[in-house]
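Engineer: Quick one: the structure is below, and I'll ask about it shortly.
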Amino acid sequence: MNEAFLSKIMDRYGDAVYRLALCRLQNKADAEDVYQETFLALFQQKDAAKWADERLKAWLLRVAMNQCADIGRRRKKHTCMDLTELPEFSGDDPYGYVDLWDAVSHLPEKLRTIFHLFYGESCKTQEIAGILNIPDSTVRVYLNRARTMLRKELS
17 MNEAFLSKIM DRYGDAVYRL ALCRLQNKAD AEDVYQETFL ALFQQKDAAK WADERLKAWL
77 LRVAMNQCAD IGRRRKKHTC MDLTELPEFS GDDPYGYVDL WDAVSHLPEK LRTIFHLFYG
137 ESCKTQEIAG ILNIPDSTVR VYLNRARTML RKELS
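Here the sequence shown stands for residues 17 to 171, numbered as in this note's numbering.
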């Protein structure tokens with residue numbers, strides 16, 4: 017794989033990988049480690065340049081999920097970061113996104129991850145099922161549970 021291809025893929029999917037890692041781990045340093053390890057794994061793939069965009073995105077998100085799991089196993093305790101530290105959440109918030117994503121950060125990890133992939137990364141339920149290796153119906157149930165919990169917390 018050449019560096020130009022890797023750079024192009026990092027530009028296209030890097031934010032999605034980083035946001036997913038940040039959502040899962042709630043720690044900037046760990047999310048940066050996941051980002052780096054995910055794209056290092058891509059660089060080591062010989063035939064990745066031949067993959068379709070959807071397959072490549074799903075593969076990257078799956079690798080990021082595995083990296084998050086590895087970090088979670090290694091570091092039992094990690095601090096939750098305040099979402100107001102992120103540049104996109106600082107300043108005025110006329111739509112209430114800070115409150116929403118703060119509530120999302122309090123969801124259980126499996127619900128938070130699926131909610132983020134569905135709403136934050138615009139993945140379809142079938143894509144999420146493939147990334148997480150769970151049935152499509154389970155994804156829909158978890159999304160429903162997350163919405164119910166968020167309604168209770170935000171009302």
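For each residue, glycine too, the CB sits at the ideal point set by N, CA and C.
Measuring CA to CA, which of Ala-145, Asn-149, Leu-166 is closest to Arg-156?
Structural biologist: Comparing Cα-Cα distances from Arg-156 to each of Ala-145, Asn-149, Leu-166, the minimum goes to Ala-145.
Engineer: Going by C-alpha to C-alpha distance, which of Gly-136, Trp-117, Thr-164, Met-81 sits closest to Asn-149?
Structural biologist: Considering only alpha carbons, the answer is Met-81.
Engineer: Looking at the structure shown, is Ser-153 part of a helix, part of a strand, or coil, going by DSSP?
Structural biologist: Reduced to three states, the DSSP call for Ser-153 is helix.
Engineer: Would the region 22 to 34 and the region 55 to 68 be scored as touching if the rule is three or more Cβ pairs under 8 angstroms?
Structural biologist: Flag = yes, the region 22 to 34 and the region 55 to 68 touch.
Engineer: Apply the 10 Å Cβ neighbour rule to Thr-129 and answer buried if 16 or more other Cβ atoms are within range, or exposed otherwise.
Structural biologist: Looking at its Cβ environment, which holds 16 or more other Cβ atoms inside 10 Å, Thr-129 is buried.
Engineer: Could you tell me the boundaries of the alpha helix (DSSP H) in which Asp-69 lies?
Structural biologist: Asp-69 -> alpha helix (DSSP H) spans 69 to 90.
Engineer: Suppose the cutoff is 8 angstroms on Cβ atoms and the five residues either side in sequence are ignored; what does the same chain contact list for Thr-154 look like?
Structural biologist: Excluding sequence neighbours, Thr-154 sits near Ala-145.
Engineer: Just checking my contact of Tyr-51 with Val-79 at CB under 8 angstroms: how many whole Å lie between their CB atoms?
Structural biologist: Contact flag wrong, Cβ pair sits at about 11 angstroms.
Engineer: Looking at the secondary structure, which residues open and close the alpha helix (DSSP H) in which Glu-143 lies?
Structural biologist: Taken as a continuous stretch (DSSP letters only), the alpha helix (DSSP H) holding Glu-143 covers 141 to 148.
Engineer: Quick one: Cα of Asp-252 to Cα of Arg-40, how far?
Structural biologist: A query on residue 252 cannot be resolved here, the shown segment of the chain reaching from 17 to 171 and no further.
Engineer: Can you say whether Arg-167 is buried or exposed, counting buried as having 16 or more other CB atoms within 10 angstroms of its CB?
Structural biologist: Flag for Arg-167 reads exposed.
Engineer: May I ask which residues mark the beginning and end of the alpha helix (DSSP H) holding Ser-171?
Structural biologist: Element bounds for Ser-171: n/a, residue is neither H nor E.
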